[in-house]
Amino acid sequence: MKKRFLTLCSLAVSLLSLDTAQAQKGKPLYTFPVGIQAYTYRNSFPRGIEATLDTIKSLGITEMEGGTPKGVTTEQFLKMLADRNIKLPATGAGYDQLVKDPMDVVKKAKELGATYVMCAWIPHEKNNFSMENAKKAVEDFNRVGKILKENGLTFCYHNHGYEFRPNGAGNGTLFDYIAQNTNPDYVSFELDILWAQHGGADPVALLNKYGSRWKLMHLKDLKKGVKGDYSGGTPQENDVALGTGQIDMPAVLKAAKKVGIRHYFIEDESNQVNVQLPQSIAYLKSLRE
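In this note's numbering, the protein residues as written are 895 to 1183.
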């Protein structure tokens, strides 16, 4: 009996090795530069900007979404990035900042050499994102997006989960309202797949529905068993390594590739970044079509 068991184990290992070898023969599914959202290293940058960038470089990351960290000038930061062959195609701006002084946002984005400016939050009462909030955002995004486009930049709104509440009109969600009432010439989107999933949306369906409106993506995964809501928040430990959570990552990446997204930023909000980020990158590189 013991000998038979060992034989079966040996056969299983051989089959697994064969499957792995065959999988590796396919074309890589993820074929874009590996990017990082700077917030992932929010606890590291204050302790040492260059050391943090060295860590990022060592992981093979060549793109970043973010801004100039405290303690250095933009010129100094850009040199640090250039020395490590890290590009910064996208930066972020707060809603109020965009609405009150869009030209200052333009100025800062251009100083960074960014092409995209994303906004990740629409102000609203806690757990009560409403149609009034969505209508105000549509008005502001159309105006600001036009200014950014006239200055050579692309404005992207980054979903956060609360937008997937039904819009009350019986024809979709508040995100649908925003997408359908903003001018595609001025307003694009960055899909955060964790927050879409957490808000009850299907990331793949969203990609297929709004196609080329999606320009950027945050690669994140939501811990299995976690039930989402419309709060736009979840404990940090619910951010898990890519491929270990709820999201069908291969399906998301195939759809994203089809609609033309070219910049992907891993964002890990957990306190296990040093462990999870290498796992996420290895997972991305292991995927085959």
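Note that CB positions come from ideal geometry on N, CA and C, so glycine has one too.
Minimum Cα-Cα distance from L1181 among the listed residues N1165, L1136, I943 corresponds to L1136. Contiguous alpha helix (DSSP H) elements confined to the region 973 to 1011 occur at 989 to 994, 996 to 1006, taking only those with 4 or more residues. A distance below 7 Å between beta-carbons, with the five flanking residues on each side excluded, links L953 to the following residues of its chain, in chain order: L1171, P1172, I1175. Taking 8 Å as the cut-off, the Cβ atoms of T956 and K981 count as close. Restricted to the region 1008 to 1069, the beta strand (DSSP E) segments that are unbroken, complete and at least 3 residues in length are 1010 to 1013, 1048 to 1052, listed in chain order. Selection Q931, Y935, T925 evaluated against N1168 yields Y935 as nearest (Cα-Cα).
S1174: member of the alpha helix (DSSP H) spanning 1167 to 1180, first to last residue. Under DSSP, no beta-bridge partner is assigned to I943.
The beta carbon of Y1071 is closer than 6 Å to those of A1028, N1061 in its chain, skipping five residues each way along the sequence. The C-beta distance from H1157 to G929 rounds to 6 Å, short enough to fall under 8 Å.
Annotation: Y1124 is outside any beta strand (DSSP E) and is labelled neither H nor E by DSSP. Pairing K1114 with T967, the inter-Cα distance amounts to about 30 Å.
W1108 has its alpha-carbon roughly 12 Å from the corresponding atom of D1079.
Under the criterion of beta carbons closer than 8 Å, V1081 and G1046 do not qualify as touching, at roughly 16 Å.
Spanning the alpha carbons of Y1124 and A1008 requires a straight line of approximately 31 Å.
Check the Cα spacing between K1002 and each of G961, Q970, N1036, P1017: the tightest is with G961.
Between L1110 and I1155, the C-beta spacing is below 8 Å. Taken through DSSP and simplified to helix, strand or coil, F971 comes out as helix. Under the three-state reduction of DSSP, Q931 is assigned to strand.
The three-state reading of DSSP puts P922 in strand, counting E and B together. For the region 1066 to 1136, the continuous beta strand (DSSP E) assignments of 3+ residues that do not extend past its boundaries occur at 1082 to 1086, 1108 to 1113, in sequence order. Per the coordinates, the alpha-carbon of L972 lies some 12 Å from the alpha-carbon of P983. DSSP, reduced to helix, strand and coil, places I950 within a helical segment of the structure shown. Contact annotation: N1102 and L1116 have beta-carbon atoms that are not nearer than 8 Å.
Sequence-distant Cβ neighbours of N1077 in its own chain, meaning closer than 6 Å and more than five residues away, are N1036. P1097 sits buried, since 16 or more C-beta atoms from the chains shown fall within 10 Å of its C-beta.
In terms of Cα proximity to F1069, the closest of I943, K919, K1030, V993 is K1030.
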